[in-house]
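Since the structure comes first, as structure tokens, the remarks are kept for the end.
Number of protein chains: 2
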Amino acid sequence: MDVSLEPLKARRLALLLRERIASGEIAPGSRLASEPALALEHGVSRVTVRRALDSLASDGLIDRRVGAGTFVREPEAPKPIVADFANMLTHLVEMGRRTGVHLLSFSYVHPPEAVAHSLGLAAGERTQRSVRVRLIDGQPFSYLTTHVPERIGLTYSESDLASVPLLSLLERSGAAVERASQTISATLASPDVAEALGLEIGSPLLSLTRVVFGPDGRGVEHLHALYRPDRYSFQMELHRAGDAGERRWSPAPARTAESADAVPTAVGAA
Amino acid sequence: MDVSLEPLKARRLALLLRERIASGEIAPGSRLASEPALALEHGVSRVTVRRALDSLASDGLIDRRVGAGTFVREPEAPKPIVADFANMLTHLVEMGRRTGVHLLSFSYVHPPEAVAHSLGLAAGERTQRSVRVRLIDGQPFSYLTTHVPERIGLTYSESDLASVPLLSLLERSGAAVERASQTISATLASPDVAEALGLEIGSPLLSLTRVVFGPDGRGVEHLHALYRPDRYSFQMELHRAGDAGERRWSPAPARTAESADAVPTAVGAA
DNA sequence: GTCAGTTGTCCTATACGCTATACAACTACC
DNA sequence: GGTAGTTGTATAGCGTATAGGACAACTGAC
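Same order as they appear, the protein sequences are chains A and B. To convert, note that position 237 of the first sequence is 240 in this note's numbering; the numbers rise steadily by one, no gaps. To convert, note that position 52 of the second sequence is 55 in this note's numbering; the numbers rise steadily by one, no gaps.
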């Protein structure tokens with residue numbers, strides 16, 4: 004995908020409509036508001052509206068019919084992956100086997116201070132840094148940047164990383180994983196990430212930062228993952244735990260990956 | 004909040020630099036490349052570079068000193084709220100008491116198809132729709148849209164909703180909550196949400212969709228929440244559960260809100 | 001102090017995103 | 001068939017982002 008120099012207002016409107024379509028707020032098959040109506044609604048000229056729609060049309064999201072209107076196309080979309088939480092890492096390992104991986108970068112570096120601190124490294128200690136893109140059905144859906152302390156990273160090779168899930172490699176090397184801490188947030192696609200994931204710059208991304216610790220309490224892996232929200236989201240079930248008046252809840256070891264995939268897409272794709 | 008119309012190339016460069024700073028790739032306190040150097044490196048004019056830097060400076064990310072250079076400022080982090088997962092709803096109830104709420108909208112409507120379906124409503128059945136903005140320290144951080152079946156919504160008033168947490172209202176009305184299903188994703192700020200949260204249109208947002216069910220299996224509440232990622236993020240601890248070779252993990256009833264706030268800001272604020 | 005290098009400010013010229021308007025071709029509906 | 005409403009196309013003009021250059025004020029190192 005070429006870096007499309009889409010102007011400001013047009014780009015914003017395109018992104019906004021894209022989101023509404025992806026979230027099901029505008030149902031597939033239904034007619035979009037007319038170009039003049041959209042222009043009025045968003046306070047832009049019709050030319051700008053058309054540029055935004057051009058972008059959606061070229062991505063096959065909408066169907067324009069002269070004299071009739073523009074319609075939301077039925078998504079031939081491969082259903083998004085829904086990651087379950089209760090057995091999260093298990094699921095990830097399975098996924099690593101089912102999906103493809105592109106290794107974009109592999110090197111030993113001095114990690115950013117934040118990474119070094121979270122891993123508990125000594126000053127000046129190096130890490131193995133890898134950047135990978137995960138694919139499902141040939142479509143990229145996640146952009147992973149990992150840092151592993153050099154002493155551990157040396158136990159496997161670059162080609163290992165391109166084929167075997169990292170968690171398996173870590174266990175194989177004897178660096179047992181004991182616990183992990185992770186944070187979920189949201190961010191925008193920077194140019195390099197956008198290109199790798201086939202997105203426009205400034206598209207929304209799910210962001211996950213996970214630090215995995217070994218039994219000795221030392222950091223084993225620092226993962227920064229960026230997900231395309233239209234192809235990947237997190238799903239969990241909460242069940243009541245505790246007395247009636249207590250209002251305590253806990254995540255439940257919910258459904259399997261298969262049943263989770265059967266979740267209504269309008270919810271799962273949000 | 005004025006919609007700052009940041010141009011194309013400047014915006015891109017600003018985004019890129021913002022990411023490099025946030026990720027720690029450019030360490031706090033260190034000097035940035037000079038403006039002419041950045042211009043050359045990114046193939047833009049110095050004017051454009053300066054516009055990008057203006058944006059970062061106005062956000063307090065960098066410090067420009069005439070004759071010396073521009074430096075990455077030490078983040079005086081306004082600590083973001085970190086929501087813990089294990090006891091999620093409990094935390095939410097507590098938060099509802101500590102934080103402020105603005106009720107933006109309150110009405111009875113025919114819900115979108117996706118909402119009606121997830122709540123298990125009959126065709127044509129109405130819901131009570133409310134839009135609220137949550138504040139912490141007077142700063143908005145979440146935009147909540149809820150749908151509650153009409154029969155339940157009638158048990159409390161508009162003013163109740165503006166002061167008492169919705170979950171408490173539901174329990175007070177006898178509609179005991181049994182389990183919930185939720186999905187986490189990411190999206191962009193639409194104009195109305197952007198204004199309510201004090202953001203620019205197109206800013207990234209954490210998106211959470213939760214459907215709460217009663218003991219009879221019927222839907223009690225449909226919540227669509229949008230969070231400012233710089234003020235709110237999700238945090239969880241994962242602990243190994245199961246045998247050594249099994250690689251099973253489960254969320255842990257982790258730390259309290261206080262200790263969670265002590266998480267390195269570079270991670271929590273990503 | 002000297003000097004290379006930095007940010008701050010101003011200028012001109014060009015490129016282009018955006019608006020506004022008009023009209024043609026087409027479609028769905030009455 | 002008529003008609004209102006739609007998308008497709010073209011035009012002109014305005015505002016502004018961008019490029020490129022020049023100079024001043026300032027800093028830090030030598």
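All C-beta atoms in this analysis are idealised placements derived from N, C-alpha and C, irrespective of residue type, glycine included.
Just reading off the beta strand (DSSP E) that residue i is part of, what are its end residues?
i      : result
B:D66  : 65–68
B:L41  : Unbroken run through B:L41 is the alpha helix (DSSP H), 38–45; no beta strand (DSSP E).
A:P274 : An answer regarding residue 274 of chain A cannot be provided, because it is not within the stretch 4 to 273 covered by chain A.
A:L147 : 142–152
B:V104 : 103–112
A:L157 : A:L157 -> no beta strand (DSSP E), and no H or E assigned at all.
A:V223 : 222–230
B:A192 : Neither: B:A192 is in no beta strand (DSSP E) and is coded neither H nor E.
B:E240 : 235–243
First and last residue of the alpha helix (DSSP H) that includes residue i?
i      : result
B:R129 : No alpha helix (DSSP H) holds B:R129; DSSP gives it neither H nor E.
A:A71  : Note, A:A71: premise wrong, no alpha helix (DSSP H); not H, not E.
A:V52  : 49–61
A:L19  : 11–25
A:R175 : 169–175
Ordered along the chain, which non-local residues of its own chain (more than five positions away) have a Cβ less than 6 Å from that of residue i?
i      : result
A:A40  : none
A:A199 : V136, Y146
A:P114 : T130, H150
B:A119 : none
A:S108 : V134
B:I29  : R23, V75
Out of the options, state which residue places its alpha-carbon closest to the alpha-carbon of residue i.
i      : options                        : result
B:A166 : B:A228, B:G103, B:L124, B:H120 : Note that residue 166 of chain B is Ser in the sequence shown, not Ala. Cα-wise, what sits closest to B:S166 is B:G103.
A:V134 : A:H225, A:A55, A:S58           : A:H225
B:V180 : B:Y159, B:S160, B:L107, B:V215 : B:V215
B:G222 : B:E161, B:Y230, B:A228, B:R213 : B:R213
A:S121 : A:L172, A:I187, A:P152         : A:P152
B:E203 : B:G27, B:S58, B:I24            : B:S58
A:E77  : A:G205, A:V52, A:R34           : A:R34
B:V196 : B:I187, B:S184, B:T186, B:S210 : B:S210
B:A60  : B:S206, B:E28, B:S193, B:I24   : B:I24
A:A228 : A:T186, A:S206, A:G205, A:G217 : A:T186
B:L170 : B:G201, B:S206, B:G217, B:G205 : B:G217
Is it buried or exposed, residue i, if we count other Cβ atoms within 10 angstroms and call 16 or more buried?
i      : result
A:D219 : exposed
A:G177 : exposed
A:R231 : buried
B:L208 : buried
B:G248 : The pLDDT assigned to B:G248 is 48, lower than 50, so where the model puts this residue is not dependable; a value taken from the coordinates is nonetheless given after this. Counting Cβ neighbours within 10 Å, B:G248 comes out exposed, since fewer than 16 surround it.
A:G127 : exposed
A:V69  : exposed
B:V50  : exposed
A:V112 : exposed
A:L172 : buried
B:A192 : buried
A:G27  : buried
B:E161 : exposed
B:G2   : Limits of chain B in this structure are 4 at one end and 273 at the other, which puts residue 2 of chain B out of reach.
B:E116 : exposed
B:V6   : In this prediction, B:V6 has a pLDDT of 35, which is less than 50 and means its spatial position is unreliable; what the coordinates show is noted afterwards. So B:V6 counts as exposed.
A:G63  : exposed
B:A125 : exposed
B:A183 : buried
B:S48  : exposed
CB-CB under 7 Å to residue i, same chain, minus the five flanking residues each way: which ones, in chain order?
i      : result
A:A55  : A13, L16, A17, L20
A:E44  : A36
B:S188 : S210
B:V52  : L16, E38, L41, A42
A:L11  : none
B:G32  : F74, V75, E77
By Cβ distance below 8 Å, which residues in the same chain neighbour residue i in space, the five residues on each side in sequence not counted?
i      : result
B:L138 : T102, G103, V104, H105, F144
B:H123 : Note that residue 123 of chain B is Gly in the sequence shown, not His. Cβ neighbours of B:G123 beyond the five flanking positions: G220, R221, G222.
B:L164 : L106, F109, S133, R135, L172
B:G141 : G103
B:I65  : I24, L35, L56, L59, T73, F74, V75, R76
Is the beta carbon of residue i within less than 7 Å of some heavy atom of the ligand COA?
i     : result
B:A71 : Looking for the ligand COA in the displayed structure turns up nothing, as the structure carries no ligands at all.
*Output, in sequence order along the chain, the residues in the segment 157–186 of chain A whose CB is closer than 8 Å to any CB in chain B.*
The residues in question are L170, E174, A179, V180, E181, R182, A183, S184, Q185, T186.
_Residues, ordered as in the chain, of the segment 125–152 of chain A that lie near chain B by beta-carbon distance below 9 Å_ = Answer set for the segment 125–152 of chain A: T148.
*What residues in the segment 198–223 of chain B have a beta carbon less than 9 Å from any beta carbon of chain A?*
Cβ proximity to chain A below 9 Å picks out I204, G205, S206, P207, L208, L209, S210, L211, T212, R213, V214, V215 from the segment 198–223 of chain B.
*Residues of the segment 222–240 of chain B whose Cβ lies closer than 7 Å to any Cβ of chain A, in chain order*: For the segment 222–240 of chain B, the set of positions with a beta-carbon nearer than 7 Å to some beta-carbon of chain A reads P232, S236, F237, Q238, M239, E240 in chain order.
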